[in-house]
Amino acid sequence: LTFLLLFVAVTHEIPAFWPHSVQRLQQLRQLKAFGLEAGMVTLVLSLKMQVSISDEPETLYKRLSLLVKGHDKAVLDSYEYFAVLAAKELGISVEKVHKPPKKIERLTLLKSVHIYKKHRVQYEMRTHYMCLELKYLTSSTAAVYLEYVQRNLPEGVAMEVKKTKIEKIPEHIQEPVWDTLPQVEETEVKS
Amino acid sequence: IVIHCSYTGISIHAPPRTEKMAVDQDWSSVYPTAAAFKPASVPLPIRMGYPVKRGVPPPKEGNLELIKIPNFLHLTPPAIKKHCAALKDFCTEWPSALDSDEKCEQHFPIEIETVDYVSAGTSIRNPKARVVTLRVKLSNLNLDDHAKKKLIKLVGDRYCKDTDMLTITTDRCPLRRQNYDYSIHLLTVLYHESWKTEMWESEKTEEDMEEYIWENSCSQKNALDTLLRIKASENVSNVTEEELLASEVVKNYRNSVIALKNEGETENNVSQYKESVKKLLNIQALP
Numbered sequence: 001l002t003f004l005l006l007f008v009a010v011t012h013e014i015p016a017f018w019p020h021s022v023q024r025l026q027q028l029r030q031l032k033a034f035g036l037e038a039g040m041v042t043l044v045l046s047l048k049m050q051v052s053i054s055d056e057p058e059t060l061y062k063r064l065s066l067l068v069k070g071h072d073k074a075v076l077d078s079y080e081y082f083a084v085l086a087a088k089e090l091g092i093s094v095e096k097v098h099k100p101p102k103k104i105e106r107l108t109l110l111k112s113v114h115i116y117k118k119h120r121v122q123y124e125m126r127t128h129y130m131c132l133e134l135k136y137l138t139s140s141t142a143a144v145y146l147e148y149v150q151r152n153l154p155e156g157v158a159m160e161v162k163k164t165k166i167e168k169i170p171e172h173i174q175e176p177v178w179d180t181l182p183q184v185e186e187t188e189v190k191s
Numbered sequence: 001i002v003i004h005c006s007y008t009g010i011s012i013h014a015p016p017r018t019e020k021m022a023v024d025q026d027w028s029s030v031y032p033t034a035a036a037f038k039p040a041s042v043p044l045p046i047r048m049g050y051p052v053k054r055g056v057p058p059p060k061e062g063n064l065e066l067i068k069i070p071n072f073l074h075l076t077p078p079a080i081k082k083h084c085a086a087l088k089d090f091c092t093e094w095p096s097a098l099d100s101d102e103k104c105e106q107h108f109p110i111e112i113e114t115v116d117y118v119s120a121g122t123s124i125r126n127p128k129a130r131v132v133t134l135r136v137k138l139s140n141l142n143l144d145d146h147a148k149k150k151l152i153k154l155v156g157d158r159y160c161k162d163t164d165m166l167t168i169t170t171d172r173c174p175l176r177r178q179n180y181d182y183s184i185h186l187l188t189v190l191y192h193e194s195w196k197t198e199m200w201e202s203e204k205t206e207e208d209m210e211e212y213i214w215e216n217s218c219s220q221k222n223a224l225d226t227l228l229r230i231k232a233s234e235n236v237s238n239v240t241e242e243e244l245l246a247s248e249v250v251k252n253y254r255n256s257v258i259a260l261k262n263e264g265e266t267e268n269n270v271s272q273y274k275e276s277v278k279k280l281l282n283i284q285a286l287p
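Protein chains in written order, with the numbering used here: chain A, 1 to 191; chain B, 1 to 287.
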């Protein structure tokens, strides 16, 4: 079965700390950072973004699992709506969206600075989770989606992205190498 | 906008922007990016906070709660659709031939799992990000029987028998790419070593065997011994071992013993064993 591996590279200026984009992207001086800054939306529409295609073959991601953690459930709900809508618009199939149960970390401290051991105060930190699983993405699509979704991550919310990449078996594991090596006399192992 | 006269102390406040907003305005130009909540720019009668006694929550003017919480006013559905329409050019299609998990596995058997972490803090680095997990099904590798058994022995806990999946997790190198290279190197080494046959492998004993083999086992010896003695006591002409082995009853017995040892004791297996023993020793009277 042969199928075309399409390769598209995004060409725009990306800050240096996004390693997955720096590998394949070229910096285009005239085009400023993708229009999510103030007032840039109209500018982007007039300045046509240039899509350039690079020779590198696409890596395929079988599954992309986004786990979002936050202290406020309402913020995570809004973010879920945003992420799901963005995935649908970009044509990415959403496998499932589920909300693991929240974890509460409690600690008990002394209420007073000095003595009064019987009077304590209790604090708790609630972490809510939301897990979004996406299926079947190419590396360009994954880079675009992740960048969009991570740039719009609200303050106080953290994200873990688990990527499952699929690959062919490398050539050196196809056949055992002992068949091709020339016959060598076995030497005694010196103990 | 406030016009303030410092002499008289009178301030005249201009009406808020919300009064001049049309109902069908372009909201994405009011909030193009993430910004704090501005009560004068948002034409919604929002109240937030703990309500006063026998009253309502405080209004939006000067409401700190509304400013503190992150808002999604810049990500309304039309705005998201606009962004995605502009981003669509940079996306590529998934190859349509790989529409199921089985096909993916058939053509791309190796799965590499990596995790990226995004959070706010003093540092963007996360030491957990360098971990790489490589998963592959042994049925997809070019291994013969001996190589597969040797690989499973070499790998130990990392192989799961139920799913036939070998999982290699590497995190000994500081960078993710180094860990990936190391995991591929480990797979290569395991593969090639399992195809080699060392001299000491011929000393493999019965305890080392992964599955029960009936040929040359004590069960076979005992069964043949018993049958020979039965035949000798009945004074039948010497039957050879090969004939006994080829007979139906012995084959039945062999299958039932193998099933018992390899699959464990189930009702089926035990009853099968009972039947085969009865047929072997010719004792039909017992229930």
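Cβ coordinates follow ideal geometry from the N, Cα and C atoms, glycine included.
>> So for A:Ala158, helix, strand or coil by DSSP?
In response: In the first sequence, the residue the question calls residue 158 of chain A occupies position 158. In the structure shown, A:Ala158 sits in a strand (DSSP, three-state: E or B).
> Which chain A residues sit within Cβ distance under 7 Å of B:Cys84?
Replying inline: If you number the second sequence from 1, residue 84 of chain B lands on position 84. Going along chain A in sequence order, the residues near B:Cys84 (Cβ under 7 Å) are Ala86, Glu89, Leu90.
> Is the beta carbon of B:Leu141 less than 8 Å from the beta carbon of B:Ile112?
Replying inline: Sequence index remark: in the second sequence, residue 141 of chain B carries index 141 (1-based). Sequence index remark: in the second sequence, residue 112 of chain B carries index 112 (1-based). It is not a contact, given that the beta carbons lie outside the stated cut-off.
>> Quick check: is the beta carbon of B:Thr266 nearer than 8 Å to any beta carbon in chain A?
In response: Taking the second sequence and counting its residues from 1, one reaches residue 266 of chain B at position 266. False, the Cβ-Cβ gap to chain A never drops below 8 Å.
> In three-state DSSP terms, what is B:Gly48?
Replying inline: Counting from one through the second sequence, the residue named residue 48 of chain B turns up at place 48. Here residue 48 of chain B is Met; the residue named in the question, Gly, does not match the sequence. Note: B:Met48 maps to coil in three-state DSSP.
>> So, for B:His107: in the same chain, excluding its five sequence neighbours on each side, which residues have a beta-carbon less than 8 Å away from its beta-carbon?
In response: On the second sequence, residue 107 of chain B is found 107 positions in, with the first residue counted as 1. These residues qualify, in order along the chain: Leu98.
> Does the distance from the CB of B:Phe90 to the CB of A:Ser140 come in under 8 Å?
Replying inline: The residue labelled residue 90 of chain B in the question sits at position 90 within the second sequence. The residue labelled residue 140 of chain A in the question sits at position 140 within the first sequence. Yes, the Cβ-Cβ distance between B:Phe90 and A:Ser140 is below 8 Å.
> Where does B:Leu98 fall in DSSP's three states?
Replying inline: Counting from one through the second sequence, the residue named residue 98 of chain B turns up at place 98. Here B:Leu98 sits in coil by DSSP.
> According to DSSP, which residues form a beta bridge with A:Gly70?
Replying inline: Locating residue 70 of chain A in the first sequence gives position 70, where the first residue counts as 1. A:Gly70 is bridged to A:His128, A:Val157.
> Any residues in the segment 160-180 of chain A with a beta carbon nearer than 7 Å to a beta carbon of chain B? Which ones, in chain order?
Replying inline: Glu160, Val161, Lys162, Lys163, Thr164, Lys165, Ile166, Glu167, Lys168, Ile169, Pro170, His172, Ile173, Gln174, Glu175, Pro176, Val177, Trp178
>> So, does the segment 6-13 of chain B touch the segment 43-53 of chain B, judging by three or more C-beta pairs under 8 Å?
In response: No, the segment 6-13 of chain B is not in contact with the segment 43-53 of chain B.
> Whole-angstrom Cβ separation of A:Val97 and A:Val84, contact assumed at under 8 Å?
Replying inline: For this step, residue 97 of chain A is matched to residue 97 along the first sequence. For this step, residue 84 of chain A is matched to residue 84 along the first sequence. Between A:Val84 and A:Val97 the Cβ distance is about 6 Å, and since that is below 8 Å, they are a contact.
> Taking 8 Å as the CB-CB limit, is B:Leu141 close to chain A?
Replying inline: Here residue 141 of chain B refers to the residue found at position 141 when the second sequence is read from its first residue. Closer than 8 Å: yes.
>> Is there a Cβ of chain B sitting closer than 8 Å to that of A:Glu95, yes or no?
In response: In the first sequence, the residue the question calls residue 95 of chain A occupies position 95. Taking Cβ atoms only, chain B never reaches closer than 8 Å to A:Glu95, which makes this a no.
> Distance, Cα to Cα, B:Glu105 vs A:Tyr136?
Replying inline: As a working note, residue 105 of chain B is residue 105 in the second sequence. As a working note, residue 136 of chain A is residue 136 in the first sequence. Each residue's alpha carbon lies about 13 Å from the other.
>> I'd like to check one pair, A:Leu64 with A:Leu110: are the Cβ atoms closer than 8 Å?
In response: By one-based count along the first sequence, residue 110 of chain A stands at place 110. By one-based count along the first sequence, residue 64 of chain A stands at place 64. No; because the gap between Cβ atoms is not below 8 Å, this pair is not in contact.
> Going by the CB atoms, is the gap between B:Val115 and B:Asn179 shorter than 8 Å?
Replying inline: For the purposes of this step, residue 179 of chain B is identified with residue 179 of the second sequence, where counting begins at 1. For the purposes of this step, residue 115 of chain B is identified with residue 115 of the second sequence, where counting begins at 1. Between B:Asn179 and B:Val115, the C-beta gap is not smaller than 8 Å, which leaves the two residues out of contact.
> Of the residues A:Pro170, A:Ile166, A:Thr127, which one's Cα is nearest the Cα of A:Ile104?
Replying inline: Position 104 of the first sequence, counted from the start, is the residue given in the question as residue 104 of chain A. It is A:Thr127.
> In the segment 60-72 of chain A, which residues sit with their C-beta less than 8 Å from some C-beta in chain B, listed in chain order?
Replying inline: Leu60, Lys62, Asp72
> Along the chain, where does the alpha helix (DSSP H) that runs through B:Thr152 open and close?
Replying inline: Taking the first residue of the second sequence as 1, we reach residue 152 of chain B at position 152. Per the sequence shown, residue 152 of chain B should be read as Ile rather than Thr. Its alpha helix (DSSP H) spans residues 145-155.
> Taking just the CA atoms, how far does B:Ser29 sit from B:Ser41?
Replying inline: Residue numbering aside, residue 41 of chain B sits at position 41 when the second sequence is read from its first letter. Residue numbering aside, residue 29 of chain B sits at position 29 when the second sequence is read from its first letter. C-alpha separation (whole angstroms): 11 Å.
>> Quick check: the Cα distance between B:Lys278 and B:Ala232, rounded to an integer number of angstroms?
In response: What you label residue 278 of chain B is simply residue 278 of the second sequence in a count that begins at 1. What you label residue 232 of chain B is simply residue 232 of the second sequence in a count that begins at 1. Cα-Cα distance, rounded: 19 Å.
>> Considering Cα atoms alone, identify which of B:Lys196, B:Ile69, B:Ala14 is closest to A:Trp178.
In response: The count along the first sequence starts at 1 and reaches residue 178 of chain A at position 178. Minimum Cα distance to A:Trp178 is reached at B:Lys196.
> How many angstroms separate the CA atom of A:Thr11 from the CA atom of A:Pro154?
Replying inline: Walking along the first sequence from the start, residue 11 of chain A turns up at place 11. Walking along the first sequence from the start, residue 154 of chain A turns up at place 154. Residue placement at A:Thr11 is flagged as unreliable, the pLDDT there being 39, under the threshold of 50; the coordinate-derived value follows with that caveat. One C-alpha to the other measures close to 26 Å.
> Looking at chain A, which residues of the segment 85-104 of chain B have a Cβ within less than 9 Å of any of its Cβ atoms?
Replying inline: Ala85, Ala86, Leu87, Lys88, Asp89, Phe90, Cys91, Thr92, Glu93, Trp94, Pro95, Ser96, Ala97, Leu98, Asp99, Asp101, Lys103, Cys104
> For the beta strand (DSSP E) that contains B:Lys137, what are its first and last residues?
Replying inline: Taking the first residue of the second sequence as 1, we reach residue 137 of chain B at position 137. Per DSSP, B:Lys137 belongs to the beta strand (DSSP E) from 132-137.
> Quick one: is B:Leu75 near chain A, going by C-beta distance under 8 Å?
Replying inline: Taking the first residue of the second sequence as position 1, residue 75 of chain B is located at position 75. At least one chain A Cβ lies under 8 Å of B:Leu75.
>> Considering just the uninterrupted stretch of the beta strand (DSSP E) at B:Leu166, what are its terminal residues?
In response: As a working note, residue 166 of chain B is residue 166 in the second sequence. It spans 165-170 - the beta strand (DSSP E) in which B:Leu166 sits, taken as one unbroken run.
>> Using only the alpha-carbon positions, how far apart do B:Gln272 and B:Ser217 sit?
In response: As a first step, residue 272 of chain B must be located in the second sequence, where it is residue number 272. As a first step, residue 217 of chain B must be located in the second sequence, where it is residue number 217. Roughly 20 Å separates the two Cα atoms.
> When the cut-off is 8 Å and only beta carbons count, does A:Ala133 lie next to chain B?
Replying inline: In the first sequence, the residue the question calls residue 133 of chain A occupies position 133. The amino acid at residue 133 of chain A is misidentified as Ala; the sequence shows Glu. No, A:Glu133 lies away from the interface with chain B (no Cβ there is under 8 Å from its Cβ).
>> Using 8 Å for Cβ pairs, my map puts B:Val136 next to B:Leu190. What's the rounded Cβ distance?
In response: Position 136 of the second sequence, counting from 1, holds the residue named residue 136 of chain B. Position 190 of the second sequence, counting from 1, holds the residue named residue 190 of chain B. Incorrect: roughly 10 Å between the Cβ atoms, too far for contact.
>> Just checking: is the beta-carbon of A:Gln122 within a distance shorter than 8 Å of some beta-carbon in chain B?
In response: Here residue 122 of chain A corresponds to residue number 122 of the first sequence, with the count starting at 1. Not an interface residue.
>> Let me make sure I understand the geometry here. Which of A:Lys62, A:Tyr145, A:Thr59, A:Val51 has the alpha-carbon closest to that of A:Glu89?
In response: The residue labelled residue 89 of chain A in the question sits at position 89 within the first sequence. Closest option to A:Glu89, Cα to Cα, is A:Tyr145.
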